[in-house]
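Colleague: Please read through the structure below; I'll follow up with questions.
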Amino acid sequence: MKSQPISNNPLVTREDLILAFRQLSAPLLPYYSPGSARLELGGTAASYPREVAGYEGFSRVLWGLVPLLAGGETSELLETVLEGIRSGTDPGHEEYWGTVHDYDQKSVEMAAFGLALALVPELLREKLSGEELERLAAWLRQINGRKLWDCNWLFFRVIVQIGFKKAGLPYDAELTGQTLDEIERFYLGDGWYADGVGGHSDYYVPFAIHYYGLLYAKLMEAEDPERSRLYKERAALFARRFLHWFAEDGSALPYGRSLAYRFSQSAFWSALVFAGVEPYPLGVTKGLILRNLRWWFAQGIFAPDGTLTIGYAYPNLIMAENYNAPGSPYWALKTFLPLALPADHPFWTAEELPMPEPEESLTVQHAPHLVFRRADSGKVPHVLAFNSGHGSSNEHTHTSAKYEKFAYSTLFGFSVPRAEWGLAQGAFDSMLALSEGDNLYRVKRRCEEARITDDGLIYARWKPWADVEVHTWLVPGTPWHIRVHGIRTARTLDAAEGGFALGIERSGGVSAGPVETAVREDAAYAAWAGTASGILRLYGSGGTAELIVPNANTNLLHPRTVIPTIRTRIEPGVTWLASAVYGEGGVSGGAGSWEAAPMALVTGGELVIYAEADGSGEPLLRRRLEL
Numbered sequence: 001m002k003s004q005p006i007s008n009n010p011l012v013t014r015e016d017l018i019l020a021f022r023q024l025s026a027p028l029l030p031y032y033s034p035g036s037a038r039l040e041l042g043g044t045a046a047s048y049p050r051e052v053a054g055y056e057g058f059s060r061v062l063w064g065l066v067p068l069l070a071g072g073e074t075s076e077l078l079e080t081v082l083e084g085i086r087s088g089t090d091p092g093h094e095e096y097w098g099t100v101h102d103y104d105q106k107s108v109e110m111a112a113f114g115l116a117l118a119l120v121p122e123l124l125r126e127k128l129s130g131e132e133l134e135r136l137a138a139w140l141r142q143i144n145g146r147k148l149w150d151c152n153w154l155f156f157r158v159i160v161q162i163g164f165k166k167a168g169l170p171y172d173a174e175l176t177g178q179t180l181d182e183i184e185r186f187y188l189g190d191g192w193y194a195d196g197v198g199g200h201s202d203y204y205v206p207f208a209i210h211y212y213g214l215l216y217a218k219l220m221e222a223e224d225p226e227r228s229r230l231y232k233e234r235a236a237l238f239a240r241r242f243l244h245w246f247a248e249d250g251s252a253l254p255y256g257r258s259l260a261y262r263f264s265q266s267a268f269w270s271a272l273v274f275a276g277v278e279p280y281p282l283g284v285t286k287g288l289i290l291r292n293l294r295w296w297f298a299q300g301i302f303a304p305d306g307t308l309t310i311g312y313a314y315p316n317l318i319m320a321e322n323y324n325a326p327g328s329p330y331w332a333l334k335t336f337l338p339l340a341l342p343a344d345h346p347f348w349t350a351e352e353l354p355m356p357e358p359e360e361s362l363t364v365q366h367a368p369h370l371v372f373r374r375a376d377s378g379k380v381p382h383v384l385a386f387n388s389g390h391g392s393s394n395e396h397t398h399t400s401a402k403y404e405k406f407a408y409s410t411l412f413g414f415s416v417p418r419a420e421w422g423l424a425q426g427a428f429d430s431m432l433a434l435s436e437g438d439n440l441y442r443v444k445r446r447c448e449e450a451r452i453t454d455d456g457l458i459y460a461r462w463k464p465w466a467d468v469e470v471h472t473w474l475v476p477g478t479p480w481h482i483r484v485h486g487i488r489t490a491r492t493l494d495a496a497e498g499g500f501a502l503g504i505e506r507s508g509g510v511s512a513g514p515v516e517t518a519v520r521e522d523a524a525y526a527a528w529a530g531t532a533s534g535i536l537r538l539y540g541s542g543g544t545a546e547l548i549v550p551n552a553n554t555n556l557l558h559p560r561t562v563i564p565t566i567r568t569r570i571e572p573g574v575t576w577l578a579s580a581v582y583g584e585g586g587v588s589g590g591a592g593s594w595e596a597a598p599m600a601l602v603t604g605g606e607l608v609i610y611a612e613a614d615g616s617g618e619p620l621l622r623r624r625l626e627l
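Oh and the sequence shown: position 175 is 175 in UniProt numbering, straight run, nothing missing.
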């Protein structure tokens, strides 16, 4: 895939970040509609009409453009955007953005206009006539009386109201307060929110709920000092947890939905800087932002013309959400919020610092149901997150793959199903997949019970069928982790336990030598380009190990992969399976730490698993072989 000039941007100074925005935004100019109110980037569709998708693209560019203008800079996009506002808010214009309905995607995109009214009100008053400004305000006011999804969407109404307040327009303080009170129901403690009552705790916490809360804290500090203080305190507390989602190379954990928004992963850190919250020295926060941007700009995420594509590390519609239109990825521009800071702000002169050393090798985060481990020192830096699973689900695309795998990794990413037939189409990395023998597999979608102990041991009970119950224990670790399953079933099942998906081709089709493989009855191993993945059966009779070659473009990081997998036939009754799963970067010749595998013993009906192959040391896990 053609590289873009932005990949050579060093991203060190304020000028570099300004240049990065220009490099991202300049390719968009040819794609504005005749009236400039829509940004029409491609032919793929989303769940909302093409006209709304064009409006969405128009709006999302503002998340980067507005901070640039607020910081005193100019942009060749400005006149186009102003013309688009005039057209889009004029009921007589053919590109009028239209009436806003309940649960409308148009409400989502209104927040960017609230930001514009809050940060550059003088510029808007200078460039728009009084009538044009009032038309914009009237169009935005539609959000006041519309129903919004009971999640991060509630903040869109708040950000619009902040814009009205700062621009000197009629402002509904009572409605704003009521909406903020509703959002309080999502707070879980320890800095964490859920994305709605009973919802997941994922990137919508940092790049949406905390992000908007920090905007409020900064912009409304004089009017609402108590709530502003509260939002800053919670964000500082959350930062201590969220730090563990980032690897030293700048990559962040692929987990959850909306990953097509890419470098919005670091938008939370940008909002911290904007709001003046410093849980870490400015140089640490600066490093988190800039390293994440550098990592992203080195990936194959651009079309040949320089526009962002839908996907993750490469263009990929398979992993996308039903609400990902061609302009959707530009929500990533939220990370450019520091451009609103003046040139003499300490952020720009702070020396970029590395990530702090983690206080503990293992970090339990109960709200997202994850246990974090970092790769061993000296290896390729990466983050592992082990997952207990959730008691509820949602209807978004690939929910099981995005929220219910046993492990997520910045080095291996994760895979989503291509279709429903067999292991190759299912791409079941970091999962136990079960079939009735018809080659159609089920995986964990939600849990009947899930818990994580303070020392990181994970337990989940889940039911893929009404008469099949699986008890799963995970022992987090790196490069090895342990999985034990006790399965009670009334039917014969085929089981497939997948390890990490190993990339065997970089995005863009660049090869890096042959794939090294080793397969025996109880284990499968593969290595490529210095990274290795494997799985070893520790307990369970019968079955075979193999390397599954899943369909192309199922993994978020690599367009082609192999998945070390152990397959087992399970008869009615109770069956126990135990596996050791291996994943390591920085492997140079040989098999890295593959030979130093854990071991299992059964003594008096008890399964005992040791970290050392000779059974020395304290056991990692003990389980009676009964349910």
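We put the beta carbon where it would ideally sit given N, CA and C, even for glycine.
(1) Is Arg257 helix, strand or coil by DSSP?
(2) Could you tell me which residues DSSP puts in a beta bridge with Phe386?
(3) Can you look up Glu360 in the DSSP assignment and give me helix, strand or coil?
(4) So what's Asn144 in DSSP terms, helix, strand or just coil?
(5) Is Thr410 near Ser251, with beta carbons less than 7 Å apart?
(6) What residue range does the alpha helix (DSSP H) around Asp455 cover?
(7) What are the boundary residues of the beta strand (DSSP E) that includes Gly573?
(8) Would you please state the rounded distance, in angstroms, between the beta carbons of Ala173 and Phe186? I believe it to be under 8 Å.
(9) Below 8 Å on the Cβ atoms is my guess for His398 versus Ala450; work out the distance and round it to an integer in Å.
(10) Are there 16 or more other CB atoms within 10 angstroms of the CB of Pro464, so buried, or fewer, so exposed?
(11) Determine the contact status of Ala495 and Leu538, defining contact as a CB-CB distance below 7 Å.
(12) In whole angstroms, give me the CA-to-CA distance for Leu341 and Ala275.
(13) Do Ala332 and Phe263 have their C-beta atoms closer together than 7 Å?
(14) What separation, rounded to the nearest whole angstrom, lies between the Cα atoms of Ala4 and Arg135?
(15) Could you please give the first and the last residue of the uninterrupted alpha helix (DSSP H) stretch that includes Met110?
(16) At a Cβ threshold of 7 Å, is Leu341 touching chain B?
(17) Is the number of C-beta pairs between the segment 282-302 and the segment 10-25 that are closer than 8 Å three or more?
(18) Measure the Cβ-Cβ separation of Ser36 and Thr80 and say whether it is below 7 Å.
(19) Check the C-beta distance from Leu547 over to Ala526 and give it rounded, since I have them as a contact under 8 Å.
(20) Quick check: the Cα distance between Ala247 and Arg60, rounded to an integer number of angstroms?
(21) Residue 633: which of Phe58, Arg520, Trp528, Glu436 sits nearest, CA to CA?
(22) Rounded to whole angstroms, what's the CA-CA distance from Gly426 to Pro550? Just pull it up for me.
(23) What's the call for Trp139, buried or exposed, on a 16-neighbour Cβ count within 10 Å?
(24) What alpha helix (DSSP H) runs, 4 residues minimum, are completely inside the segment 255-290?
(25) With 16 as the cutoff for other CB atoms within 10 Å, does Trp421 come out buried or exposed?
(26) Mind reading off the beta-carbon distance from Leu117 to Leu124? Whole number of angstroms is fine, and I expect it under 8 Å.
(27) How would you call Tyr103, buried or exposed, if buried means at least 16 neighbouring beta carbons within 10 angstroms?
(28) Considering only residues of the same chain and omitting the five flanking positions on each side of Ala385, which have a CB-CB separation below 6 Å?
(29) Using a Cβ-Cβ cutoff of less than 6 Å, which residues in the same chain neighbour Gln105 once the five nearest sequence positions on both sides are dropped?
(30) So, with DSSP's three-state summary, where would you put Val468?
(31) Just to confirm, is the Cβ distance from Asn316 to Ser415 under 7 Å?
(32) Compute the distance between the beta-carbons of Pro479 and Tyr582, then report whether it is under 7 Å.
(33) For the alpha helix (DSSP H) containing Ile159, name the first residue and the last one.
(34) Look up Gln365 in the DSSP assignment and give the residues it is bridged to.
(35) State the start and end residues of the unbroken beta strand (DSSP E) segment that holds Ala600.
(36) So, is Asn387 buried or exposed, given that buried needs 16 or more other C-beta atoms within 10 angstroms?
Modeller: Quick look at the numbers:
(1) coil
(2) Val371, Ala407
(3) coil
(4) helix
(5) yes
(6) Taken as a continuous stretch (DSSP letters only), Asp455 belongs to no alpha helix (DSSP H), as it is neither H nor E.
(7) 573-585
(8) At roughly 21 Å, the Cβ-Cβ gap does not stay under 8 Å, so Ala173 and Phe186 are not in contact.
(9) 20 Å between Cβ atoms; not a contact.
(10) buried
(11) no
(12) 10 Å
(13) yes
(14) The sequence given here has Gln at residue 4, not Ala. Approximately 39 Å between the Cα atoms of the pair.
(15) 105-119
(16) Given the protein chain composition of this structure (a single chain), no chain B is represented.
(17) yes
(18) yes
(19) 6 Å
(20) 27 Å
(21) Summary: the structure shown does not reach residue 633, with the chain confined to residues 1 through 627, and so no result is reported for it.
(22) 7 Å
(23) buried
(24) 267-275
(25) exposed
(26) 7 Å
(27) exposed
(28) Leu253, Leu370, Phe372, Tyr408
(29) Tyr48, Val52
(30) strand
(31) no
(32) yes
(33) 154-166
(34) Leu370
(35) 599-603
(36) buried
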